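What follows is a set of notes on a single structure, which appears directly below.
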Amino acid sequence: MRSPLVASLTLMAACAPPHPARPYPNTEPPAGEAAVESEGVVHYFDRAVDLAPFLTGFPYVQWMPSLRTNRMFVLKTGDRYELQMLDLAGAEGLASAVTVSDVDWSQRSLWRVHHQSGTDTLWLHADARNDEHMNLWTMNLKTGSLEQVTDHDYVYGFGLDDAESQVAYLPRAGASPPYRTCLRVMDVASKAAREVVCDTPALSFTWSIPRFSPDGREVFFAAQVEGDRNRVQLVAVDLAAARPSVRVVTDAKVPRTDAELLEGWLDADTALFIANDDGFRNLYSLSRKTGAARQLTRFTEDLTSATITDIGVVGVHRSPLGSSLTVIDPRSGKVAAARQLPGAADVLDGRGGRVIWSHEAPDQHFELNVQQVWADAQGPAFGRGWALGLSDAVRSAVVQCKAERVTIPTFDRDKATGKPRELHAFVLTPLNPPADQSRRLALIEAFYGGENHYSTFAHVMCAAGLTVVSPTVRGGDGFGKAFAALNDRDLGGDEIVDLFHVARWTERTLGLRPAQIGVFGGSHGGYATMRALTFPPGTKGHHDRYEFGFGLAHAGFSDIKSFHDQCNIPDWVVLESGDPARPDDLARMKDRSPLSHADLLAAPLLLTHGSNDWRVPVGESRAFFEKARALGKPVTLVEFDGQGHHIEGIERIARLYQARFDLLQRVVESPPAPKSASAAGQ
-16 MRSPLVASLT
-6 LMAACAPPHP
4 ARPYPNTEPP
14 AGEAAVESEG
24 VVHYFDRAVD
34 LAPFLTGFPY
44 VQWMPSLRTN
54 RMFVLKTGDR
64 YELQMLDLAG
74 AEGLASAVTV
84 SDVDWSQRSL
94 WRVHHQSGTD
104 TLWLHADARN
114 DEHMNLWTMN
124 LKTGSLEQVT
134 DHDYVYGFGL
144 DDAESQVAYL
154 PRAGASPPYR
164 TCLRVMDVAS
174 KAAREVVCDT
184 PALSFTWSIP
194 RFSPDGREVF
204 FAAQVEGDRN
214 RVQLVAVDLA
224 AARPSVRVVT
234 DAKVPRTDAE
244 LLEGWLDADT
254 ALFIANDDGF
264 RNLYSLSRKT
274 GAARQLTRFT
284 EDLTSATITD
294 IGVVGVHRSP
304 LGSSLTVIDP
314 RSGKVAAARQ
324 LPGAADVLDG
334 RGGRVIWSHE
344 APDQHFELNV
354 QQVWADAQGP
364 AFGRGWALGL
374 SDAVRSAVVQ
384 CKAERVTIPT
394 FDRDKATGKP
404 RELHAFVLTP
414 LNPPADQSRR
424 LALIEAFYGG
434 ENHYSTFAHV
444 MCAAGLTVVS
454 PTVRGGDGFG
464 KAFAALNDRD
474 LGGDEIVDLF
484 HVARWTERTL
494 GLRPAQIGVF
504 GGSHGGYATM
514 RALTFPPGTK
524 GHHDRYEFGF
534 GLAHAGFSDI
544 KSFHDQCNIP
554 DWVVLESGDP
564 ARPDDLARMK
574 DRSPLSHADL
584 LAAPLLLTHG
594 SNDWRVPVGE
604 SRAFFEKARA
614 LGKPVTLVEF
624 DGQGHHIEGI
634 ERIARLYQAR
644 FDLLQRVVES
654 PPAPKSASAA
664 GQ
């Protein structure tokens, strides 16, 4: 349920399903369905894991604050997901939050809200059927009534001007690429909209929040040069021009993957934006009058979030090693105050003398802080505030892992240092390990690993007595643009070999057999899981393979070309894997597709997928399941009818976890396979 503008944009776009959603026919009942004895309780051997504390002990996700209107909006989870509102001016804790509508958001996607205080109306970026057919909606907070105000194939993002009299948004047209996206501006009162300017193949509009200039005459947003995700530009459009055109305001010669204008301006001429021109996300200023951009900070960690307050820019720069909550002088870029935090922090909103920021770590659950910021003769400082988080009882129930940061050597050298490359990882071990050593398993995260966040998945696994190893393989976030680009045009290549080296380290360090070590992941990680289990030796001359004991793949794609053709992020596929219009690239895409090597699957594999998934169509899991099953391979597919890219709701989440534990229990109960030569490189 996280917003795509907060989370990684790698696979956040919607993809049209290949055919209408339906449960997949299977001769066996869906794994785990009979084993769930009561709602929210799942089993692994003699351990009963109650998911209720994890899902309802602190049942709040997707915090959307507005210090401008003193309101906080948040989703309260459970059997139903309720959109709730909290008055920040007189907040007495979450008990005073009120539900603002009867919509069940576990059945729909909600990415962002904007509270329009004058009419007490919410503007929402949402869909109607959990299919990520994203459009704009309004909700009357007095009556709870919801109204759809746009009807496009897909809306990338929206933003209102300071007067809240007009809204700019970026609707995309087309069921398949090439798409056509236009900047449109709607009058808030009448809902009448006009098309201002459209993109071209040379400069395509993309995901961003359009920002108005203080006078409401210009709109700024992000675009890509020739659809290249490495050539993102910040652009501006003069709404008052007789023939509006797109003006690039960043240096088009500099490669970058991020360009994001902050909300609010320093003055009528000066805006602030975040971009990663130098390899890391840093703060820049932009003169509207001269068009000149100036780099203000030079952090060697990504500035992940920032907001403008009365005492300066409050932001967080961080890596998976920790965070720094800082006050930055918006004119000079100097850090005026800083607070070091061990986990991942982010600034969610700031205004006047207040800031709202979050903090979590692999062994610390999410915490929300509302804090005063002020300045005196000694300079800026963080003052008093209040926090929202778990009770001690719930914390003891949901923190089931001990987290340790480690480095794991892999196969190559870091060109920047000349030293052998080491991968950052977190190892999460159970506080209550199993007495029976045969039930010890380790699950390695295939992609999106190494993040300094609390993971419900990891702590549920730890509650069952299992260990999770979460590495940042090449191509992952958190270590700058260059590291993230290491798997460009190499999807399913060296990133998978990294996993093999993590697995061998896990063997040596934890004293496990390959049969006790598995791989898991979702989306790109779901693909990587299938790829790791079907990796053909000889890829890129590595002659490497690892005999994982099992795999858990959620919402992964199994055929790169098929995914390219169905999904609305073909630019991501081209960046990561190549252009299918080129024969050599197409051949590599086919060879790197798990579907092409299903015959190599030897370990039990569980595929899970929502039937309404538009980011990665459910047909990707179905195709692999059908081929592997026809070959007699150990594969199981469990579909979740009506669900999208994520599975929501206690009953469905319990079914998902029980399916996973059923497979893991079968792995432990199976006789060990004869040792093979597959663990090459040991």
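For the sequence shown, the residue numbers in our numbering are -16 to 665. No residue lacks a Cβ here, since even glycine has one placed at the ideal position from N, Cα and C. Model, not experiment: these values are computed from the prediction.
Buried versus exposed, by CB contacts within 10 Å (16 or more), residue i
| i | result |
| --- | --- |
| H526 | exposed |
| E631 | buried |
| R565 | exposed |
| R5 | Residue confidence for R5 is low, a pLDDT of 34 falling below 50, so the modelled location carries little weight; the figure read from the coordinates is stated next. Exposed. |
| L469 | buried |
| A570 | exposed |
| G524 | exposed |
| K616 | buried |
| S228 | exposed |
| Q641 | buried |
| G362 | exposed |
| A586 | buried |
| E387 | exposed |
| D645 | buried |
| R301 | buried |
| S653 | exposed |
| Q207 | buried |
| G78 | It should be noted that the sequence gives Ala, not Gly, for residue 78. The residue in question, A78, is exposed, as its Cβ has fewer than 16 Cβ neighbours within 10 Å. |
| E20 | In this prediction, E20 scores a pLDDT of 49, lower than 50, which makes its location untrustworthy; no coordinate-derived value is stated. |
| D182 | buried |
| Q149 | buried |
| D477 | buried |
Contact set for residue i: own chain, Cβ-Cβ below 6 Å, skip 5 residues either direction
| i | result |
| --- | --- |
| R264 | D241, I257, D285, L286 |
| E603 | F540, S541 |
| R643 | L535 |
| A358 | I294 |
| R155 | D136, Y137, Y162, T164 |
| G142 | A151, I192, P193, R194 |
Cβ separation of residue i and residue j, assumed to be a contact under 8 Å, to the nearest whole Å
| i | j | result |
| --- | --- | --- |
| A235 | L217 | That belief does not hold up - the Cβ atoms of A235 and L217 are roughly 10 Å apart, past 8 Å. |
| Q67 | A80 | 4 Å |
| D114 | G627 | 6 Å |
| A219 | V202 | 7 Å |
| G127 | V83 | 6 Å |
| D705 | L614 | Missing from the structure shown is residue 705; the chain here goes from -16 to 665 and no further. |
| V338 | T290 | 7 Å |
| A360 | A320 | At roughly 14 Å, the Cβ-Cβ gap does not stay under 8 Å, so A360 and A320 are not in contact. |
| Y139 | F188 | 7 Å |
| I636 | L93 | About 18 Å separates the two Cβ atoms, so there is no contact after all. |
| A456 | D481 | Going by the sequence as given, residue 456 is Val instead of Ala. With a Cβ gap of about 4 Å, V456 and D481 count as contacting. |
Other residues of its chain near residue i: CB distance less than 7 Å, five sequence neighbours each side excluded
| i | result |
| --- | --- |
| T283 | F263 |
| C(-2) | Residue placement at C(-2) is poorly supported in this model, since its pLDDT is 42, which falls under 50; the coordinates still yield a value, given next. Taken in chain order, the residues that qualify are Q549, C550, N551, W597, R598, V599, P600. |
| A323 | One point to set straight first is that residue 323 is Gln, not Ala, in the sequence displayed. So the list reads G305, S307, once near-sequence residues are dropped. |
| L578 | S541, D542, A606, F607, K610 |
| D329 | T287, S288, V299, W340, S341 |
| P325 | G305, A344 |
| D33 | G23, V24 |
| D85 | G127 |
| T10 | For T10, the predicted structure reports a pLDDT of 36, less than 50, and the residue's modelled location is therefore unreliable. A value from the coordinates is still provided. So the list is empty, once near-sequence residues are dropped. |
Own chain partners of residue i with C-beta closer than 8 Å, once the 5 adjacent residues on each side are dropped
| i | result |
| --- | --- |
| A467 | T240, G458, G459, D460 |
| R200 | D221, L222, A223 |
| Q383 | P413, L414, N415, H442, V443, C445, A446 |
| R212 | T240, D554, W555, L558 |
Decide yes or no for the touch test of the region 606 to 625 against the region 546 to 566: beta carbon pairs closer than 8 Å, at least 3 of them.
Between the region 606 to 625 and the region 546 to 566 there are fewer than three inter-stretch CB-CB distances shorter than 8 Å, so the stretches are not counted as touching.
How do the region 116 to 131 and the region 87 to 105 stand: do at least 3 beta-carbon pairs fall below 8 Å, yes or no?
Remark: three or more beta-carbon pairs, one from each stretch, lie closer than 8 Å, so the region 116 to 131 and the region 87 to 105 are flagged as touching.
Kindly confirm or deny that the region 496 to 514 and the region 534 to 547 touch, where touching means at least three C-beta pairs closer than 8 Å.
Three or more pairs of CB atoms, one per stretch, sit closer than 8 Å, so the region 496 to 514 contacts the region 534 to 547.
Would you call the region 343 to 354 and the region 369 to 384 in contact, with 3 or more CB pairs under 8 Å?
As far as the Cβ criterion goes, the region 343 to 354 touches the region 369 to 384, which means the pair count is three or higher.
The region 413 to 427 contacting the region 443 to 453, beta-carbon criterion three pairs below 8 Å
Contact holds between the region 413 to 427 and the region 443 to 453, because three or more Cβ pairs, one in each stretch, are under 8 Å apart.
Scan the region 447 to 496 and note each continuous alpha helix (DSSP H) run of 4 residues or more that stays entirely inside, going in chain order.
Counting only runs of 4 or more, we get 463 to 467, 477 to 493.
Under 8 Å: do the region 435 to 445 and the region 398 to 407 share three or more Cβ pairs, one atom per stretch?
With the cut-off at 8 Å, the region 435 to 445 and the region 398 to 407 do not touch.
Could you tell me which whole alpha helix (DSSP H) segments of length 4 or greater appear in the region 232 to 301?
Unbroken alpha helix (DSSP H) runs of no fewer than 4 residues, entirely contained in the region 232 to 301, are not found.
Any chance you could list the beta strand (DSSP E) runs of at least 3 consecutive residues sitting entirely within the region 146 to 223, in chain order?
Runs found: 149 to 156, 163 to 170, 176 to 181, 186 to 188, 201 to 208, 215 to 221.
My parser needs the beta strand (DSSP E) runs of 3 or more residues fully inside the region 403 to 430; what are they?
Runs of the beta strand (DSSP E) inside the region 403 to 430: 403 to 413, 425 to 428.
Runs of alpha helix (DSSP H) lying entirely within the region 564 to 636, each at least 4 residues, in chain order:
Taken in chain order, the complete alpha helix (DSSP H) segments of 4 or more residues contained in the region 564 to 636 are 566 to 574, 602 to 613.
Suppose only complete runs of 3+ residues qualify. What are the beta strand (DSSP E) ranges in the region 296 to 349, listed by chain order?
Entirely contained in the region 296 to 349, the beta strand (DSSP E) runs reaching 3 residues are, in chain order, 305 to 311, 318 to 324, 327 to 334, 337 to 344.
Completely contained beta strand (DSSP E) runs for the region 75 to 154, where each covers 3 or more residues:
Within the region 75 to 154, the beta strand (DSSP E) runs of at least 3 residues that lie entirely inside it are, in chain order, 93 to 99, 104 to 109, 118 to 123, 129 to 131, 137 to 143.
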